[in-house]
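**Student:** Submitted below is the structure of interest, expressed as structure tokens.
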């Protein structure tokens, strides 16, 4: 082995090993002093990333646990206040029973009533002033509150606390099936309830509507109620609501409209203040509410216009005589006839709700034209809410065309309807599917009703082909054929291809006694009839009068009320008017309780019982929320514990291992220093050769 002095390989090797042992020693010291195995990304990059995510989860869970505890405290606060209300309501009930007793004089009842009024005032105070951290809980404003109980976005619990003010307690909510509006008077037999035929709706039953009284919701509800004793179903007229027209610019001139027979001068707008213009229109209309029975509302959105409402369910008749087409629409009101005539007029009818008196199912049948009654044939739950829509609009439903219980409904898409041969995105099937996509949020489910098309008169001497839903159909009707023979020929020809078209034909006799037919698509698909070709020497009408595209309507079902709104003003695309469906209030409100008379005391008992039920339901809901929050806290604590254990296994230092490593590296350090010292002395041995 050569003897050299310029390069001390042994020293270099000792230095390198000493550096390595020193680094290992520093790592061991760092881990022991911090208690962590991973102190930087260099220690374990993947482990650090995983550990950081675990820390985010555990810290988020800790916040969620605190939030859930706040939720428990909030629910306890509200439930405690409702408990005091229960005591006050029980006392009012005792006083009502006492007042109803015949031994009391009028003065005695007045004294009892004074205490009742004070107790009502206390209930009102509690409902207005009960709050948690400045947020009112019982005044009806605490709705849709989300508690962030998880570590990630969307991990929330929604809490609703119904209002418990004297203005809201007392009246009972009754579920029922709400009709769609129909401008035609109901004929006897059009509506058959639980086997009993409802008579015709009569104009004399409605002394409030200005026009078309016999077709009003008031008249139809009165007709239903004539058979309540037999059918077990009663009817209540709902408020009539008419959505306005979109306004892009202010009207520059004045005009006069007629609302329920009352002439109202419309203002002229100036500048570009559309909102101010529509507010002034609403004010003009509301100055005449006492005469018209109609109230105007502008919600600040010009795309929706002005909504007209008649609380008692009377018809709303809107017209103009100013020599221009559809003047009301220029002022944000619903369009009138829409035919472009100078003197156009239109009457809007309302809806009515059928309510089962004992909660049993409501069976709806028809021996006439069920559309005049505004319902669909079928059996409906007597304990759920429902709404029957009108035929859906021809346009596709856009996102926000309707809202249900405050939730915007998404757009209808063609892929949801694989049955309709034309315009599938506009069908009732596609629109019902769009509604059902939000059922979890709205609590409402939708179904497409059967599609119905009623044909007109049928000619003889016809040899022709035509398409139904894209399938060609041939029919031959000889000259001189009787109406019944023509009817049979059309029905047989269409039904021969029902398997391909999804459409069946039924023999039908119209109100004039004419033999014709109607088309039915049970699944609610669109019915398209077109491509008429008449063979040489024949012509006439097959009952269609030209190409036909018939859509269906939608029925809604819910365990509670159904509130329809719109963000675009195009709610007609879904076939529903803006309003509340399927749920009605009955009975006296707590605010109106007065036991100064025997009759008032008896009425108060029903109101108090309803109020107690409402308060008890809310207390039960709050109790369930408390239990859910407490269960959430327990689950989150277990999850946090497990995540911390997993994070510890990844990031925490093993002291037994690290102390052993420290001892090893310290020994190596000592040995390395000694060896390095010896290695540095080796070149001096070469000097002995020079000395010799």
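Numbering (the UniProt record's numbering), first residue to last: 1 to 692. For each residue, glycine too, the CB sits at the ideal point set by N, CA and C.
1) For residue 517, which three-state DSSP category applies?
2) May I ask you to report which of helix, strand or coil DSSP gives residue 408?
3) Just the C-alpha distance for residue 366 and residue 566, rounded to the nearest angstrom, thanks.
4) Is residue 27 helix, strand or coil by DSSP?
5) Under 8 Å by Cβ, that's how I've got residue 362 and residue 444 pegged, so tell me the actual separation to the nearest angstrom.
6) Please name the residue, chosen from 386, 328, 374 and 123, that lies closest to residue 356 on a Cα-to-Cα basis.
7) To the nearest angstrom, how far is it from the Cα of residue 758 to the Cα of residue 333?
8) Answer with buried or exposed for residue 678, where buried requires no fewer than 16 other C-beta atoms within 10 angstroms of its C-beta.
9) Can you give the beta carbon distance from residue 301 to residue 255, rounded, assuming they're within the 8 Å contact cut?
10) For residue 346, which residues does DSSP report across the bridge?
11) Which of the three DSSP states is assigned to residue 139 in this structure?
12) Run through the DSSP bridge pairs and tell me what residue 158 is partnered with.
13) Enumerated in chain order, which unbroken segments of the alpha helix (DSSP H) with a length of 4 residues or greater are wholly contained in the UniProt domain "Flagellin N-terminal" (5 to 142)?
14) Quick check on residue 650 - is its C-beta less than 7 Å from some C-beta in chain C?
15) Please state whether DSSP places residue 488 in a helix, a strand or coil.
16) Considering Cα atoms alone, identify which of 467, 618 and 542 is closest to residue 478.
17) Quick one: measure Cβ to Cβ for residue 266 and residue 242, integer angstroms, because I've assumed they're closer than 8 Å.
18) Please list, in chain order, all residues of the same chain as residue 179 whose beta carbon is under 6 Å from its beta carbon, the five residues on each side excluded.
19) When the distance is taken between beta carbons, is residue 551 closer than 7 Å to residue 413?
20) Around the C-beta of residue 575, are 16 or more other C-beta atoms found within 10 angstroms, so that it is buried, or is it exposed?
21) Thinking C-beta only, is residue 240 closer than 7 Å to residue 316?
22) Counting C-beta neighbours from all protein chains within 10 Å, is the total for residue 5 16 or more, i.e. buried, or is it exposed?
23) Restricting to runs no shorter than 4 residues, where is the alpha helix (DSSP H) found entirely within the region 490 to 567?
24) Give the single residue among 368, 81 and 148 whose Cα lies nearest to the Cα of residue 125.
25) On the premise that residue 298 lies in contact with residue 279, defined as a C-beta separation below 8 Å, what is that separation, rounded to the nearest angstrom?
26) Is the distance from the Cβ of residue 206 to the Cβ of residue 219 below 7 Å?
27) Checking 7 Å against the spacing of the C-beta atoms, do residue 602 and residue 171 come in under that value?
**Tutor:** In this structure, then:
1) If you number the chain shown from 1, residue 517 lands on position 517. Taken through DSSP and simplified to helix, strand or coil, residue 517 comes out as strand.
2) Walking along the chain shown from the start, residue 408 turns up at place 408. Assigned with DSSP and collapsed to three states, residue 408 falls in strand.
3) Position 366 of the chain shown, counted from the start, is the residue given in the question as residue 366. Position 566 of the chain shown, counted from the start, is the residue given in the question as residue 566. The alpha-carbon of residue 366 is positioned some 32 Å away from that of residue 566.
4) Sequence index remark: in the chain shown, residue 27 carries index 27 (1-based). Looking at residue 27 - three-state DSSP - the assignment turns out to be helix.
5) For the purposes of this step, residue 362 is identified with residue 362 of the chain shown, where counting begins at 1. For the purposes of this step, residue 444 is identified with residue 444 of the chain shown, where counting begins at 1. Between residue 362 and residue 444 the beta-carbon gap is near 18 Å, outside 8 Å, which marks them as no contact.
6) Taking the first residue of the chain shown as position 1, residue 356 is located at position 356. The residue with the shortest Cα to Cα distance from residue 356 is 386.
7) Limits of the chain in this structure are 1 at one end and 692 at the other, which puts residue 758 out of reach.
8) Here residue 678 refers to the residue found at position 678 when the chain shown is read from its first residue. When all chains shown are included, residue 678 counts as exposed.
9) In the chain shown, residue 301 corresponds to position 301, counting from 1. In the chain shown, residue 255 corresponds to position 255, counting from 1. Residue 301 to residue 255, Cβ: 23 Å. No contact.
10) Here residue 346 refers to the residue found at position 346 when the chain shown is read from its first residue. Residue 346 is bridged to 318.
11) By one-based count along the chain shown, residue 139 stands at place 139. In the three-state reduction of the DSSP assignment, residue 139 falls in the coil class, being assigned neither a helical nor a strand state.
12) Position 158 of the chain shown, counted from the first residue, corresponds to residue 158. Looking at the DSSP assignment, residue 158 forms a beta bridge with 146.
13) Taken in chain order, the whole alpha helix (DSSP H) runs of length 4 or more contained in the UniProt domain "Flagellin N-terminal" (5 to 142) are 9 to 34, 45 to 100 and 106 to 129.
14) The structure shown contains no chain C; it is built from a single protein chain.
15) On the chain shown, position 488 is the one that residue 488 refers to. Helix at residue 488.
16) Residue numbering aside, residue 478 sits at position 478 when the chain shown is read from its first letter. For the residues 467, 618 and 542, the minimum Cα distance to residue 478 belongs to 542.
17) As a first step, residue 266 is located in the chain shown; it is residue number 266 there, counting from the start. As a first step, residue 242 is located in the chain shown; it is residue number 242 there, counting from the start. Not a contact, Cβ separation roughly 17 Å.
18) Numbered from 1 along the chain shown, position 179 holds the residue referred to as residue 179. If the five residues before and after residue 179 are omitted, its C-beta is found closer than 6 Å to the C-beta atoms of 351, 352, 374, 375 and 388, all from its own chain and listed in chain order.
19) Counted from its first residue, the chain shown places residue 413 at position 413. Counted from its first residue, the chain shown places residue 551 at position 551. Residue 413 places its beta carbon 7 Å or farther from that of residue 551.
20) Here residue 575 refers to the residue found at position 575 of the chain shown. By the 16-neighbour rule on beta-carbons within 10 angstroms, residue 575 is buried.
21) Position 316 of the chain shown, counted from the start, is the residue given in the question as residue 316. Position 240 of the chain shown, counted from the start, is the residue given in the question as residue 240. Yes. Within cutoff.
22) One-based indexing of the chain shown puts residue 5 at position 5. An exposed status is given to residue 5, since fewer than 16 other beta-carbon atoms sit within 10 Å of its beta-carbon.
23) The qualifying runs are 498 to 501.
24) On the chain shown, residue 125 is found 125 positions in, with the first residue counted as 1. Looking at the Cα atoms, 81 is the closest of the given residues.
25) As a working mapping, residue 279 is identified with position 279 in the chain shown. As a working mapping, residue 298 is identified with position 298 in the chain shown. Cβ-Cβ separation between residue 279 and residue 298: approximately 6 Å, consistent with a contact (criterion under 8 Å).
26) Here the question's residue 206 lines up with position 206 in the chain shown. Here the question's residue 219 lines up with position 219 in the chain shown. Between residue 206 and residue 219, the gap from beta carbon to beta carbon is short of 7 Å.
27) As a first step, residue 602 is located in the chain shown; it is residue number 602 there, counting from the start. As a first step, residue 171 is located in the chain shown; it is residue number 171 there, counting from the start. Contact flag unset, no.
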